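Down below is the structure, laid out as structure tokens.
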Amino acid sequence: MRRSGTRLPFLVLIPLALVGPLWAAEPVKDHALFMGATLHVGDTLASPELVGAEGTRVALLADGKVSFLPRDAVGVVRIAHELKLSSITAQIDNLETTAVKVAPTRDRFAGDRMQILMDSMIAQNEDVMDFATAREEAAVAGVAAAERSVSTPTFGLADAQRALEGAKAAYGKAAAANQQLRGSASSFTLGDLDKTAVEVVCDLSCPRETRDAYALLVTEYRINSLDKPQYKVHVEPLRGLGPKPQRVTMTQGGLPPGFVIGRLDLHVYANGQELASNLSAQRVDLTADQALQYLTLNYIASHPKETLPAVPQRIALPVGFEDRVPAALVAQSLYATVGPDGAVKSVAADTAGTAVSDAYVDAVVRKFRFNPALKEGKPRARARRISVDAARE
Numbered sequence: 001m002r003r004s005g006t007r008l009p010f011l012v013l014i015p016l017a018l019v020g021p022l023w024a025a026e027p028v029k030d031h032a033l034f035m036g037a038t039l040h041v042g043d044t045l046a047s048p049e050l051v052g053a054e055g056t057r058v059a060l061l062a063d064g065k066v067s068f069l070p071r072d073a074v075g076v077v078r079i080a081h082e083l084k085l086s087s088i089t090a091q092i093d094n095l096e097t098t099a100v101k102v103a104p105t106r107d108r109f110a111g112d113r114m115q116i117l118m119d120s121m122i123a124q125n126e127d128v129m130d131f132a133t134a135r136e137e138a139a140v141a142g143v144a145a146a147e148r149s150v151s152t153p154t155f156g157l158a159d160a161q162r163a164l165e166g167a168k169a170a171y172g173k174a175a176a177a178n179q180q181l182r183g184s185a186s187s188f189t190l191g192d193l194d195k196t197a198v199e200v201v202c203d204l205s206c207p208r209e210t211r212d213a214y215a216l217l218v219t220e221y222r223i224n225s226l227d228k229p230q231y232k233v234h235v236e237p238l239r240g241l242g243p244k245p246q247r248v249t250m251t252q253g254g255l256p257p258g259f260v261i262g263r264l265d266l267h268v269y270a271n272g273q274e275l276a277s278n279l280s281a282q283r284v285d286l287t288a289d290q291a292l293q294y295l296t297l298n299y300i301a302s303h304p305k306e307t308l309p310a311v312p313q314r315i316a317l318p319v320g321f322e323d324r325v326p327a328a329l330v331a332q333s334l335y336a337t338v339g340p341d342g343a344v345k346s347v348a349a350d351t352a353g354t355a356v357s358d359a360y361v362d363a364v365v366r367k368f369r370f371n372p373a374l375k376e377g378k379p380r381a382r383a384r385r386i387s388v389d390a391a392r393e
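By my numbering, the letter at position 49 of the sequence shown is numbered 49, and the numbering carries on one by one without gaps.
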């Protein structure tokens, strides 16, 4: 399931909670905000989303249901570029590109039929970050306005604002990485009249074991140096991706003889979501707390006119919590005041404001993060009843 707006995977909340310790002495920037790509099989962005690839078939997601389609039955596709958040960073090393001549059947992903229907793809690439950033800045402004309406504002947005500014500034770094790809393919010229494909070889790895992994290669090319760019895509199923580097060879066929290569983008997916990589465009590294702040801002931006109660984000309890706290207290209803930033401002045992009898439980609950209550899209400080048991389920 995904949210609207920047369409961040809902399940990203789980690795955020599990990876980010609640009481880390030095916050580690182990999450990444980056510009990712979502592939839709069809001629509109409302078409089913490609969410997996294995053997000779691909997995498609539509209306919350997964279906499968033979790879050679895929027709036209569209790509949506959007900000994504990942708790796993894939490493792409030893990347090499070569122009080769292959028979059409060697392109296992339908060759010429995979032409991307995107006449305005270049303009979209340039504009999408400004659009996404504008949404986040609107969210920041909304939270800041709500903050001013609270008698004792405590929410600092500096980290979130720095993340947004960093996303803009990181464009130069990402462009340099993409230039590396273009440079490695710079020998492709009109003199290579017998070449009809691009072969990309690299080593892929990530810090921990993943499942359902696959790679997406987007190739920009021109028929001649004066022609407008066109695009091809190739999807490569991967074995389970993990710490041990995996040598991967991808062949993007169906290109016209004598093609002029442009930009090549490589995206990596696993566990149902795209992973950030060392080559991700506009990547900004975040701590777990900054990532949660970003998710809160995205939640606010995704509900511009709705009135909603505060909703817990999934939280991992400290190790040994169940052994230290009586079961009755774990199941007891508590009353938390959630600020407009989603942070818990106070905890009480009842509506009268009685202090929680166990200081440790009080401290744990104060570390919880929520999506804040909204009134017509504006975040508000609200009290709500919770239990530790319910919050972690």
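Don't be surprised by glycine CBs; every beta carbon is placed ideally from N, CA and C. On a predicted model such as this, the values are computed, not experimentally measured, just so you know.
Residue interval of the beta strand (DSSP E) (run including residue i)
i    : result
V235 : 230-237
N94  : 89-100
I261 : 260-270
L275 : 273-277
Cβ-based neighbour list, residue i, same chain, cut-off 6 Å, excluding 5 preceding and 5 following
i    : result
P237 : A53, E54, Y214
V268 : A90, A215, L275, S277
T337 : K345, S346, A383
I386 : L334, A336
Q124 : Its pLDDT being 39, under 50, Q124 is placed unreliably in this model, and the value from its coordinates should be taken loosely. No residues qualify anywhere along the chain.
A62  : P48
T154 : With a pLDDT of only 36 at T154, under 50, the local geometry of the prediction cannot be trusted, and the value read off the model is given with reservation. Closer than 6 Å at Cβ, skipping near neighbours: no residue.
I88  : C206, L275
S86  : A32, L275, A276
A175 : Below a pLDDT of 50, predicted positions are generally treated as unreliable, and A175, at 38, falls in that range; no measurement from the model is reported.
Cβ shell of residue i (< 8 Å), same chain only, five flanking positions each side left out
i    : result
E306 : L374, E376, G377
I92  : C202, D203, L204, L266, V268, S277, N278, L279
H40  : A46, S47, P48, E49, L50, V77, R78, I79, A80
L60  : V41, P48, E49, L50, V51, V66, S67, F68, L69
P309 : A373, R382, R384
K195 : A99, V100, K101, F188, L255, P257, G258, F259
N94  : V201, C202, D203
T354 : A348
Where the alpha helix (DSSP H) through residue i begins and ends
i    : result
D341 : No alpha helix (DSSP H) holds D341; DSSP gives it neither H nor E.
E82  : No alpha helix (DSSP H) holds E82; the beta strand (DSSP E) holding it covers 77-86.
E322 : 321-324
Q293 : 288-302
Cβ-Cβ separation, residue j to residue i (assumed contact under 8 Å), whole Å
i    : j    : result
Q313 : N371 : 6 Å
V218 : M250 : The pair is not a contact, with the Cβ atoms about 11 Å apart (cut-off 8 Å).
P243 : P207 : 6 Å
F321 : V365 : Incorrect: roughly 11 Å between the Cβ atoms, too far for contact.
T97  : V235 : About 17 Å separates the two Cβ atoms, so there is no contact after all.
K232 : Q252 : 5 Å
Residues that residue i bridges to, as DSSP identifies them
i    : result
Y335 : A348, R385
D203 : D93, R247
K378 : K375
F370 : P312
R222 : V260
Q252 : V198
D285 : A32
Y214 : P237, Y269
P70  : R57
Neighbourhood of residue i by C-beta distance below 7 Å, restricted to the same chain and skipping five residues each side
i    : result
P256 : I223
G342 : T296, R369, F370, N371, P372
D127 : Reliability of the predicted coordinates at D127 is poor, the pLDDT of 42 falling under 50, and the value obtained from them is presented with this limitation in mind. Correct list: empty, nothing qualifies.
L329 : D358, V361
T351 : Y335
T56  : P70, R71
N271 : T210, R211, D212
V311 : F370, N371
R239 : Q246
K29  : D285, L286, T287
D323 : none
In the region 24-68, which residue ranges form an unbroken beta strand (DSSP E) of at least 3 residues, counting only runs that do not cross its ends? Entirely contained in the region 24-68, the beta strand (DSSP E) runs reaching 3 residues are, in chain order, 31-41, 49-54, 57-62.
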